[in-house]
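Heads up, the thing below is written out as structure tokens.
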Amino acid sequence: MLSTISITIEKHFCGNTLIDIALFTEADKCGMEIPYNQQDETSLIKSCCKDVVDVIEGQDKLNFNSSKDFKLSNNTFAAIFTYSYLNLYEELPNQIIHHKNYRPPNLIFDRQVLDQVFLI
């Protein structure tokens, strides 16, 4: 899945100093670059800023196996089908309930009535 993704990494340098790195978007500028409309061929002023764009191309073609290439004999299919549904309806093991025959002690006196404490 990751081999099909293309990644764009843009870096903005002001002189030799890295100002910003951006993935999938445009890098932030430092504000020191000369606008494009003020630059012409006769201008001696060169901008100290430069942008470097690295593009990592993803894979364009994926190899899918067609259903014609897939061959499964009847014996193999029967074995896989039987194995997958063999234990589907198996009964759960009997569980031992340890407190099944437990009887609580007899109530000698009612503690709530004795202490006159009632939950409302």
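In this text, residue positions in the sequence shown follow this note's numbering: the first is 22, and each later residue adds one.
For each residue, glycine too, the CB sits at the ideal point set by N, CA and C.
If you draw a straight line from the Cα of Gln-80 to the Cα of Glu-47, it is about 23 Å long.
For Asp-49 and Cys-35, the gap between their C-alpha atoms comes out near 11 Å. It is roughly 59 Å from the alpha-carbon of Asn-95 to the alpha-carbon of Lys-32. If you look at Ile-118, you'll find it isn't in any beta strand (DSSP E); DSSP assigns it neither H nor E. Inclusion of Ile-28 and Ile-77 in the CB contact set at 7 Å is warranted, their separation being smaller than that value.
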